[in-house]
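S.K.: The numbering of the sequence shown is my numbering, which starts it at 1 and goes up by one. No residue lacks a Cβ here, since even glycine has one placed at the ideal position from N, Cα and C.
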Amino acid sequence: MLQVDELNQYYGAAHTLRGVSLNVQKGRCMALLGRNGVGKTTLLKCLMGVLPVAKGNVTFEGQDITRLKPHQRAALGIAYVPQGREIFARLTVEENLLMGMATKSGRAAASIRGEVYELFPVLKEMLHRRGGDLSGGQQQQLAIARALLADPKLIILDEPTEGIQPSIIKDIGRVIRLLRERGDIGILLCEQYFDFAHDLADDFIVMSRGEVVASGTQAQMNDESVKRHLAV
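1. Quick one: residues in its chain with C-beta nearer than 6 Å to the C-beta of Ala143, no 5 flanking neighbours on either side, listed in chain order?
2. Check each candidate in Leu44, Arg18, Val50 and name the one with the smallest Cα separation from Ser208.
3. By DSSP's criteria, Ser215 is part of a beta bridge. Which residues make up the other side?
4. With C-beta atoms as the reference, is Glu211 less than 8 Å away from Leu33?
5. Taking Cβ positions, are Ala31 and Met101 nearer each other than 8 Å?
6. Assign Thr217 to buried or exposed, taking buried as 16 or more other Cβ atoms, counted over all protein chains shown, within 10 Å of its Cβ.
7. Taking three-plus beta-carbon pairs below 8 Å as touching, is the stretch 218 to 231 in contact with the stretch 46 to 55?
8. Write down every uninterrupted run of the beta strand (DSSP E) in the stretch 177 to 204 whose length is 3 residues or greater and which is fully enclosed by it, in chain order.
9. Go through its chain and collect everything with a Cβ distance to Gly132's Cβ below 7 Å, but skip five positions before and after it.
10. Please state whether DSSP places Leu233 in a helix, a strand or coil.
11. What separation, rounded to the nearest whole angstrom, lies between the Cα atoms of Leu98 and Asn57?
12. Using C-beta distances below 7 Å, list every residue in its chain close to Ala75, excluding the 5 sequence neighbours before and after it, in chain order.
13. For the putative contact between Asp199 and Gly163, defined by C-beta atoms under 8 Å, what is the C-beta separation to the nearest angstrom?
14. Alpha carbon to alpha carbon, how far is Thr161 from Ile65? Give it in angstroms, no decimals.
15. With Leu148 and Val24 assumed to form a contact (beta carbons below 8 Å), what rounded beta-carbon distance in angstroms separates them?
16. Under the DSSP definition of a beta bridge, which residues are partnered with Leu148?
17. State yes or no: is the C-beta of Gln83 within less than 8 Å of the C-beta of Glu181?
18. Which ranges would you report for the beta strand (DSSP E) in the stretch 39 to 72 if only whole runs of at least 3 residues count?
19. At which residues does the beta strand (DSSP E) containing Arg228 begin and terminate?
20. Over what stretch of residues does the beta strand (DSSP E) that includes Glu94 continue unbroken?
21. Taking the straight line between their C-alpha atoms, what separation do you get for Ser225 and Phe204?
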């Protein structure tokens, strides 16, 4: 579904991504692991078109999207939930959700599907509250729900458990597991919380200093060579 080949990116003179390659498949969850500052978020922003690619290729469903703008990638079916959530604080929960359907037109963009409330019941109770008044965990749920309303083929999640209370982490894990089991969406999960990623991932890659230093299946994530790259 998503094929990344030898991706390179620079920030000034710093070589921030060094020949990164990965492959996210439909119906599977890939965990992107690594310590802070190794290039994970930079990679995700390149995949979404927020940052330019210096060298390498990004292909989505057989189409080269390396030079496409973020809104063009969204229209193809890629949804991105950034680190920090970036919901619209002054808009209501309902208005935030409607923004998730901006790539649609007509009636398809006018009403919120009930499935979203089944996944995140708390949002239905808070439709008329401003996004900025929600807790961090509720904002994260809102951000994921907003992304899902675009009916993505691929969803990219950047640190969805960061600063979130344990009860909501469990809810987010439940939703990711349901999406994976549904089988019609690919998931790229960037995460520092090893146990959370291990429970959900089918495949994984580990980054260090801008490059991939380990990769494999879920069963191989417990290898000591993998954990060594994640230890603080």
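M.R.: Walking through what the data contain:
1. Along the sequence shown, one-based indexing puts residue 143 at 143. In its chain, beyond the 5 residues on either side, Val81, Arg85, Ile87 have a beta carbon closer than 6 Å to the beta carbon of Ala143.
2. As a working mapping, residue 208 is identified with position 208 in the sequence shown. Out of Leu44, Arg18, Val50, Arg18 has the C-alpha closest to the C-alpha of Ser208.
3. Translated into the one-based positions of the sequence shown, residue 215 becomes position 215. For Ser215, the beta-bridge partners assigned by DSSP are Ile205.
4. Start at 1 with the first residue of the sequence shown, and residue 211 comes out as number 211. Start at 1 with the first residue of the sequence shown, and residue 33 comes out as number 33. In this structure, the beta-carbon distance from Glu211 to Leu33 does not fall below 8 Å.
5. Here residue 31 is taken as the residue at index 31 of the sequence shown, counted from 1. Here residue 101 is taken as the residue at index 101 of the sequence shown, counted from 1. The answer is no: Cβ separation not under 8 Å.
6. Position 217 of the sequence shown, counted from the first residue, corresponds to residue 217. Its Cβ having fewer than 16 others within 10 Å, Thr217 is exposed.
7. Taking 8 Å as the limit for Cβ pairs, the verdict is that the stretch 46 to 55 does not touch the stretch 218 to 231.
8. Entirely contained in the stretch 177 to 204, the beta strand (DSSP E) runs reaching 3 residues are, in chain order, 186 to 190.
9. In the sequence shown, the residue the question calls residue 132 occupies position 132. In the same chain as Gly132, and ignoring 5 residues on each side of it, the C-beta atoms closer than 7 Å to its own belong to Ala89, Arg90, in chain order.
10. The chain is shown only over 1 to 232; residue 233 falls outside these bounds and no answer can be derived.
11. Against the sequence shown, residue 98 aligns to sequence position 98. Against the sequence shown, residue 57 aligns to sequence position 57. When rounded, the separation of the alpha-carbon atoms in Leu98 and Asn57 is 32 Å.
12. The residue labelled residue 75 in the question sits at position 75 within the sequence shown. Result list for Ala75: Thr103, in chain order.
13. Within the sequence shown, the letter at position 199 stands for residue 199. Within the sequence shown, the letter at position 163 stands for residue 163. Rounded, the Cβ-Cβ distance is 19 Å, inconsistent with contact.
14. Stepping through the sequence shown from its first residue, residue 65 is reached at position 65. Stepping through the sequence shown from its first residue, residue 161 is reached at position 161. Cα to Cα, Ile65 sits roughly 29 Å from Thr161.
15. As a first step, residue 148 must be located in the sequence shown, where it is residue number 148. As a first step, residue 24 must be located in the sequence shown, where it is residue number 24. Actually they do not touch by this definition, with Cβ atoms about 17 Å apart.
16. Within the sequence shown, residue 148 is the residue found at index 148, counting from 1. Leu148 has no beta-bridge partner at all, per DSSP.
17. Here residue 83 refers to the residue found at position 83 when the sequence shown is read from its first residue. Here residue 181 refers to the residue found at position 181 when the sequence shown is read from its first residue. For Gln83 and Glu181, no; Cβs fall outside 8 Å.
18. List check, beta strand (DSSP E) in window: 55 to 60.
19. Along the sequence shown, read from residue 1 onward, the residue named residue 228 stands at position 228. Per DSSP, Arg228 belongs to no beta strand (DSSP E); it is in the alpha helix (DSSP H), 224 to 228.
20. To locate residue 94, count along the sequence shown from 1; it is residue 94. Careful: Glu94 lies outside any beta strand (DSSP E), inside the alpha helix (DSSP H) at 93 to 99.
21. In the sequence shown, counting from the first residue as 1, residue 225 sits at position 225. In the sequence shown, counting from the first residue as 1, residue 204 sits at position 204. Each residue's Cα considered, the two are about 13 Å apart.
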